[in-house]
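Student:
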Amino acid sequence: MSAVEPLDRLEPGMRILVGNDRVFRVDARLAAAFQPGDALFVVPGRGEVLHIPGSERQIAAAAVSEARLAVPGLREATDAQIEAFFDGFATRLADDRLWHEVQVENARDVERARERGRSTTRLETSAAMRKGMIDGLRAWQSAGSMRGRVLESVQHEGWRADLIGAELGVVAFVFEGRPNVVADATGVLRGGNAVVFRIGSDALGTAKKILELCTWPALEAAGLPRGAVSIVDSAAHAAGWSLFLDARVSLAVARGSGAAVDTLGTLAQSAGIPVSLHGTGGAWLVADGSASAADVEQCVADSLDRKVCNTLNTCCIVRSAADALVPAFLRGLERAAARRQTSYKLHVASGSQFAGFEAIHSRVVPIVRADGIHDEPQAEVIAMTELGREWEWEGSPEVTLCLVDDVSEAVALFNQQSPKFVACLLSRDSEQHRNFYESVDAPFVGDGFTRWVDGQYALDRPELGLSNWERGRLFGRGGILTGDSVYSVRTRVTGTSHGKPA
61 MSAVEPLDRL EPGMRILVGN DRVFRVDARL AAAFQPGDAL FVVPGRGEVL HIPGSERQIA
121 AAAVSEARLA VPGLREATDA QIEAFFDGFA TRLADDRLWH EVQVENARDV ERARERGRST
181 TRLETSAAMR KGMIDGLRAW QSAGSMRGRV LESVQHEGWR ADLIGAELGV VAFVFEGRPN
241 VVADATGVLR GGNAVVFRIG SDALGTAKKI LELCTWPALE AAGLPRGAVS IVDSAAHAAG
301 WSLFLDARVS LAVARGSGAA VDTLGTLAQS AGIPVSLHGT GGAWLVADGS ASAADVEQCV
361 ADSLDRKVCN TLNTCCIVRS AADALVPAFL RGLERAAARR QTSYKLHVAS GSQFAGFEAI
421 HSRVVPIVRA DGIHDEPQAE VIAMTELGRE WEWEGSPEVT LCLVDDVSEA VALFNQQSPK
481 FVACLLSRDS EQHRNFYESV DAPFVGDGFT RWVDGQYALD RPELGLSNWE RGRLFGRGGI
541 LTGDSVYSVR TRVTGTSHGK PA
């Protein structure tokens with residue numbers, strides 16, 4: 061067998077093995093860009109080749125090293141110190157003088173994002189975002205911790221085995237451009253874990269300002285190591301790739317767009333790192349013949365207040381109730397659009413045309429997109445195979461409507477096409493709800509509006525991420541990842557000094 065040597069250069073036309081049975085040919089651009097210390101990673105299944113510059117690898121490695129060094133200090137820290145950190149962080153966010161500086165930096169981020177035609181829906185800071193961050197930190201301040209908690213004891217004759225909660229280690233996050241995740245991610249400190257994250261380029265300036273003014277001073281005041289919260293200070297995607305390839309990471313958490321999260325998850329898993337991924341969202345709402353028009357209208361309006369992963373994306377209504385429920389559905393869309401002072405966009409599944417749709421299909425309305433306002437048909441027909449497509453809308457609520465013969469057909473379509481995320485049923489039939497819960501392949505199942513799928517809203521705990529079942533079910537925990545669900549287990553035995561061997 062030939063010796064394996066470091067790859068320090070590429071040449072145009074060079075052949076590189078991909079997926080064990082295919083070959084990738086290096087083009088002139090990649091050959092010129094590649095430098096000693098750089099790395100290539102081939103994404104299995106897609107054959108995509110990622111070029112990771114050595115400089116980005118160094119930035120990510122330094123952040124992980126800083127976090128690793130902080131873990132022993134966190135292990136020795138008292139609960140009072142950790143509580144003091146959350147208190148100090150929250151208090152600084154509540155300081156109007158400091159928050160003004162954060163807002164100034166955020167305005168710069170928003171302006172730069174708009175110049176690039178990027179969505180700013182999640183980027184802009186607000187009073188509600190600020191309050192959510194503060195409330196989340198206060199929740200962690202008063203929350204219990206798994207570290208040191210005896211989870212189970214097994215008593216034997218003369219000796220005992222205890223299962224005890226412990227820190228997991230370094231938790232790595234790659235987030236989209238949402239400034240509030242800086243506070244969310246620190247929830248893992250509650251259990252003695254360190255956090256290192258790479259945030260999207262849109263929100264990088266805001267995130268760094270929050271760290272500088274609020275997070276790191278709170279760590280210092282509590283006597284905790286600064287490296288307990290570390291940032292990969294780079295806007296390059298390659299820095300995030302490098303972070304998720306670092307085997308010193310104990311858990312990798314990714315939130316963002318589907319393709320990007322899929323790539324990040326593949327990278328982490330190739331390095332043997334457990335992952336919590338959520339890259340595709342879009343909730344489904346099903347209404348049967350017993351649902352009231354008022355409930356349909358209200359749930360549609362409440363599920364479209366803004367675009368996030370649990371926003372209503374696809375609505376299925378049984379045909380037998382279409383005359384009453386489709387107009388209610390449209391009224392809910394109208395209310396959601398009016399609240400945002402814009403127009404809605406409707407996609408109608410082929411074969412689901414309704415008598416009242418003719419006027420909507422012929423109407424051209426202004427639709428607010430990330431790159432500006434566009435005049436578009438208010439309704440368009442899409443193929444039945446497109447029901448799982450997530451509409452990443454900016455200002456104009458955007459949904460798909462599909463008429464089905466019964467709830468069973470809606471469940472089958474959900475199981476076949478959706479990302480297997482959120483499924484809600486509007487029905488007054490308890491047996492229908494039981495069948496729906498047992499047959500729909502989703503981690504989050506409800507009986508009304510879809511936006512309840514949120515850790516802070518549903519569980520009173522700030523979420524670190526939501527996971528769908530697109531890539532299979534999760535092992536041993538729910539789809540909402542929170543700070544207190546990030547832990548390991550140690551086993552301690554006492555009373556065996558004079559015991560006999562097993």
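Using the working numbering, the first residue of the sequence shown is number 61, and each one after it goes up by one. Glycine is no exception: its CB is placed at the ideal position from the N, C-alpha and C atoms. Being a predicted model, the structure only gives us computed values, none of them experimental.
#1: Specify the secondary structure class of F233 as computed by DSSP and reduced to three states.
#2: Any idea what DSSP makes of G318, helix, strand or coil?
#3: Where does the unbroken alpha helix (DSSP H) through S202 begin, and where does it stop?
#4: Indicate the three-state DSSP secondary structure (helix, strand or coil) for I420 in the structure shown.
#5: Suppose you measure from the CA of L461 to the CA of C376; what does that come to, to the nearest Å?
#6: Give the C-beta separation of A388 and A353 to the nearest angstrom, bearing in mind that I take them to be a contact with Cβ-Cβ under 8 Å.
#7: Check whether the region 111-130 and the region 289-304 touch, using three or more Cβ-Cβ pairs below 8 Å as the test.
#8: Do you know whose CA, among E418, K405, R69, lies nearest V425's CA?
#9: Going by CA-CA distance only, name the one from R552, E530, R531, A518 that's closest to T542.
#10: Alpha carbon to alpha carbon, how far is F257 from V553? Give it in angstroms, no decimals.
#11: Determine whether the beta carbon atoms of L153 and M206 lie at a separation below 9 Å.
#12: Suppose you measure from the CA of W451 to the CA of G349; what does that come to, to the nearest Å?
#13: Below 8 Å, can you find three or more Cβ-Cβ pairs linking the region 317-332 to the region 156-175?
#14: Can you give me the Cβ contacts of T551 inside the same chain, cut-off strictly under 8 Å, excluding the 5 residues immediately before and after it?
#15: Terminal residues of the continuous alpha helix (DSSP H) containing A353?
#16: Please list the segments of the beta strand (DSSP E) lying wholly inside the region 251-339, counting only runs of 3 or more residues, in order along the chain.
#17: Could you check where the alpha helix (DSSP H) with P104 kicks off and where it finishes?
#18: In the structure shown, what three-state DSSP assignment does R511 receive?
#19: In whole angstroms, what separates the C-alpha of D147 from that of Q201?
#20: Taking the beta strand (DSSP E) that D244 belongs to, which residues open and close that run?
#21: For a test of the three-state rule: what should DSSP assign to P437, helix, strand or coil?
#22: Skipping 5 residues on each side, what residues in its chain have a beta carbon closer than 8 Å to that of M61?
#23: Can T510 and S456 be called in contact, C-beta distance under 9 Å?
#24: Taking the Cβ atom as the reference point for each residue, do S478 and A443 lie within a distance shorter than 9 Å?
#25: Going by C-alpha to C-alpha distance, which of F149, V368, Q95, G251 sits closest to R198?
#26: Between T374, G555, F233, which lies nearest to V408 when the distance is taken from Cα to Cα?
#27: Starting from the C-beta of A127, find all residues in its chain whose C-beta is less than 6 Å away, skip the five residues before and the five after it, and write them out in chain order.
#28: Mind checking which residues open and close the alpha helix (DSSP H) that includes W159?
#29: Check whether the Cβ atoms of S310 and L524 lie closer than 9 Å to each other.
#30: Quickly, what does DSSP pair T542 with across the bridge? List them, please.
#31: Apply the 10 Å Cβ neighbour rule to Q492 and answer buried if 16 or more other Cβ atoms are within range, or exposed otherwise.
#32: Enumerate in chain order the residues of its own chain whose CB-to-CB distance from V441 is below 6 Å, with the five nearest sequence positions on each side excluded.
#33: Three or more C-beta pairs under 8 Å: does that hold for the region 226-246 against the region 176-189?
#34: Would you kindly report the start and end of the unbroken alpha helix (DSSP H) that includes Q141?
#35: Helix, strand or coil for Q215 per DSSP?
#36: Ignore the nearest five residues each way along the sequence and tell me which others in V109's own chain have a CB closer than 7 Å to its CB.
Tutor: In terms of the structure at hand:
#1: As a first step, residue 233 must be located in the sequence shown, where it is residue number 173. F233 falls in the strand class under three-state DSSP.
#2: Taking the first residue of the sequence shown as 1, we reach residue 318 at position 258. Helix, per DSSP.
#3: On the sequence shown, residue 202 is found 142 positions in, with the first residue counted as 1. It spans 187-202 - the alpha helix (DSSP H) in which S202 sits, taken as one unbroken run.
#4: Here residue 420 refers to the residue found at position 360 when the sequence shown is read from its first residue. Three-state DSSP puts I420 in a helix.
#5: Start at 1 with the first residue of the sequence shown, and residue 461 comes out as number 401. Start at 1 with the first residue of the sequence shown, and residue 376 comes out as number 316. Rounded to whole angstroms, L461 to C376 spans 6 Å at the Cα level.
#6: Mapped onto the sequence shown, residue 388 falls at position 328. Mapped onto the sequence shown, residue 353 falls at position 293. A388 to A353, Cβ: 4 Å. Contact.
#7: yes
#8: Along the sequence shown, read from residue 1 onward, the residue named residue 425 stands at position 365. Per the Cα distances, K405.
#9: The count along the sequence shown starts at 1 and reaches residue 542 at position 482. The candidate whose alpha carbon is nearest that of T542 is A518.
#10: For this step, residue 553 is matched to residue 493 along the sequence shown. For this step, residue 257 is matched to residue 197 along the sequence shown. Rounded to whole angstroms, V553 to F257 spans 36 Å at the Cα level.
#11: Residue mapping note: residue 153 aligns to position 93 of the sequence shown, counting from 1. Residue mapping note: residue 206 aligns to position 146 of the sequence shown, counting from 1. Not a contact, by the Cβ cut-off of 9 Å.
#12: Stepping through the sequence shown from its first residue, residue 451 is reached at position 391. Stepping through the sequence shown from its first residue, residue 349 is reached at position 289. For W451 and G349, the distance between alpha carbons rounds to 27 Å.
#13: no
#14: As a first step, residue 551 must be located in the sequence shown, where it is residue number 491. Closer than 8 Å at the Cβ level, and outside the excluded window around T551, lie A221, D222, L223, I224.
#15: Working through the sequence shown from its first residue, we reach residue 353 at position 293. A353 -> alpha helix (DSSP H) spans 353-362.
#16: 254-259, 289-291, 311-315, 335-338
#17: Here the question's residue 104 lines up with position 44 in the sequence shown. First-last for P104: undefined, no H or E at that position.
#18: As a working mapping, residue 511 is identified with position 451 in the sequence shown. The answer is coil: DSSP assigns R511 none of H, G, I, E or B.
#19: By one-based count along the sequence shown, residue 147 stands at place 87. By one-based count along the sequence shown, residue 201 stands at place 141. So the two alpha carbons sit approximately 6 Å from each other.
#20: What you label residue 244 is simply residue 184 of the sequence shown in a count that begins at 1. Segment 241-245 is the alpha helix (DSSP H) holding D244; no beta strand (DSSP E) there.
#21: In the sequence shown, the residue the question calls residue 437 occupies position 377. DSSP places P437 in strand when its eight states are reduced to three.
#22: The residue labelled residue 61 in the question sits at position 1 within the sequence shown. Unreliable positioning characterises M61 in this predicted model, as indicated by a pLDDT of 47, which lies under 50. The coordinate reading is nonetheless provided below. Closer than 8 Å at the Cβ level, and outside the excluded window around M61, lies no residue.
#23: Your numbering for residue 510 matches position 450 in the sequence shown. Your numbering for residue 456 matches position 396 in the sequence shown. No; because the gap between Cβ atoms is not below 9 Å, this pair is not in contact.
#24: Here residue 478 is taken as the residue at index 418 of the sequence shown, counted from 1. Here residue 443 is taken as the residue at index 383 of the sequence shown, counted from 1. For S478 and A443, no; Cβs fall outside 9 Å.
#25: As a first step, residue 198 is located in the sequence shown; it is residue number 138 there, counting from the start. If we check each option's Cα against that of R198, F149 comes out closest.
#26: Within the sequence shown, the letter at position 348 stands for residue 408. Cα-wise, what sits closest to V408 is T374.
#27: Against the sequence shown, residue 127 aligns to sequence position 67. Contacts found: V230, A254, V256, G287, S290.
#28: As a first step, residue 159 is located in the sequence shown; it is residue number 99 there, counting from the start. Run containing W159: 156-175, per the alpha helix (DSSP H) assignment.
#29: Counted from its first residue, the sequence shown places residue 310 at position 250. Counted from its first residue, the sequence shown places residue 524 at position 464. No, these two residues do not count as a Cβ contact at 9 Å.
#30: Taking the sequence shown and counting its residues from 1, one reaches residue 542 at position 482. Answer by DSSP bridge pairing, in chain order: E523.
#31: Mapped onto the sequence shown, residue 492 falls at position 432. Under this definition Q492 is a buried residue.
#32: For the purposes of this step, residue 441 is taken as the residue at position 381 of the sequence shown. These residues qualify, in order along the chain: V408, S410.
#33: yes
#34: Here the question's residue 141 lines up with position 81 in the sequence shown. Taken as a continuous stretch (DSSP letters only), the alpha helix (DSSP H) holding Q141 covers 139-153.
#35: Within the sequence shown, residue 215 is the residue found at index 155, counting from 1. Strand, per DSSP.
#36: In the sequence shown, counting from the first residue as 1, residue 109 sits at position 49. Cβ neighbours of V109 beyond the five flanking positions: F84, L100, V102.
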